[in-house]
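Below is one structure; the comments refer to it alone.
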Amino acid sequence: MKKEFNKDRPYSSDGKKQFKKRWSRQDFYIKGNPNGVKVPDSSAAALEKSLKYLKRQMKDADVIGRVRAKQEYIKPSAVRRKKISDAKRAQWVKDRVSERFWKDHVWVVPPGKNYGPERYG
118 MKKEFNKDRP YSSDGKKQFK KRWSRQDFYI KGNPNGVKVP DSSAAALEKS LKYLKRQMKD
178 ADVIGRVRAK QEYIKPSAVR RKKISDAKRA QWVKDRVSER FWKDHVWVVP PGKNYGPERY
238 G
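The sequence shown begins at 118 in the numbering used here and counts up by one.
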């Protein structure tokens with residue numbers, strides 16, 4: 118009779134809450150298979166937890182990034198052009214910051230080499 122009572126209710130007959138098994142990370146990982154996880158239990162919580170670990174593994178292995186990159190073909194020349202334009206923009210921003218830093222500067226003694234916006238960038 119006690120077993121049925123404990124089965125239906127979250128509290129035992131003496132008023133204490135029943136023990137709920139918690140899983141460790143090792144319960145979900147399959148050794149030697151970085152693209153898969155196992156579900157240790159048939160409960161919904163175990164499934165959600167295993168999906169969480171699977172998503173994390175996929176993110177760490179950059180599987181999702183590679184799939185997204187292959188959704189659209191980008192010509193190598195376009196990749197080079199984008200890389201060059203990004204470098205030009207970064208250089209422009211760096212020059213702009215330096216120009217604004219030194220704009221109204223009055224020179225008394227030349228500063229040391231650890232002085233100016235280059236120190237921060």
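The beta carbon of each residue, even a glycine, is placed where N, CA and C say it ideally should be.
Open item on the list: Here's the rule: buried if 16 or more other CB atoms are within 10 angstroms of the residue's CB, otherwise exposed. What is residue 167?
Closed with: Your numbering for residue 167 matches position 50 in the sequence shown. Buried, because 16 or more other Cβ atoms sit within 10 Å of the Cβ of residue 167.
Task: Three-state secondary structure assigned by DSSP to residue 118 - done: The residue labelled residue 118 in the question sits at position 1 within the sequence shown. Unreliable positioning characterises residue 118 in this predicted model, as indicated by a pLDDT of 47, which lies under 50. The coordinate reading is nonetheless provided below. Secondary structure of residue 118 (DSSP, three-state): coil.
Task: For residue 165 and residue 175, the rounded distance between their alpha carbons - done: Stepping through the sequence shown from its first residue, residue 175 is reached at position 58. Stepping through the sequence shown from its first residue, residue 165 is reached at position 48. About 15 Å.
Open item on the list: Looking at the ligand ADP, does it come within less than 8 Å of residue 212, judged from the CB to the closest heavy atom?
Closed with: With respect to the ligand ADP, the structure offers nothing, as it holds no ligand at all.
TODO: With DSSP as the reference, label residue 180 as helix, strand or coil.
DONE: Residue mapping note: residue 180 aligns to position 63 of the sequence shown, counting from 1. In this structure, residue 180 counts as helix in the three-state DSSP scheme.
Open item on the list: Once DSSP output is grouped into helix, strand and coil, what is the label at residue 295?
Closed with: What is shown of the chain runs 118 to 238, which leaves residue 295 out entirely.
Task: Beta carbon of residue 147 nearer than 9 Å to that of residue 155 - done: Stepping through the sequence shown from its first residue, residue 147 is reached at position 30. Stepping through the sequence shown from its first residue, residue 155 is reached at position 38. A contact, by the Cβ cut-off of 9 Å.
Open item on the list: Just to confirm, is the Cβ distance from residue 157 to residue 140 under 9 Å?
Closed with: In the sequence shown, residue 157 corresponds to position 40, counting from 1. In the sequence shown, residue 140 corresponds to position 23, counting from 1. Yes; because the gap between Cβ atoms is below 9 Å, this pair is in contact.
Open item on the list: If you reduce the DSSP assignment to three classes, tell me which class residue 146 lands in.
Closed with: As a working note, residue 146 is residue 29 in the sequence shown. Residue 146 falls in the strand class under three-state DSSP.
Open item on the list: I need the DSSP call for residue 170, collapsed to helix, strand or coil.
Closed with: In the sequence shown, residue 170 corresponds to position 53, counting from 1. In the structure shown, the three-state DSSP call for residue 170 is helix.
Open item on the list: Within a Cβ cutoff of 8 Å, which residues of the same chain sit near residue 118, ignoring the five residues on either side of it in sequence?
Closed with: Against the sequence shown, residue 118 aligns to sequence position 1. For residue 118, the pLDDT reaches just 47, beneath the cut-off of 50, and the residue's location in the model is therefore unreliable, leaving the point undetermined.
TODO: Identify whether residue 216 lies in helix, strand or coil by the three-state DSSP scheme.
DONE: The count along the sequence shown starts at 1 and reaches residue 216 at position 99. Three-state DSSP puts residue 216 in a helix.
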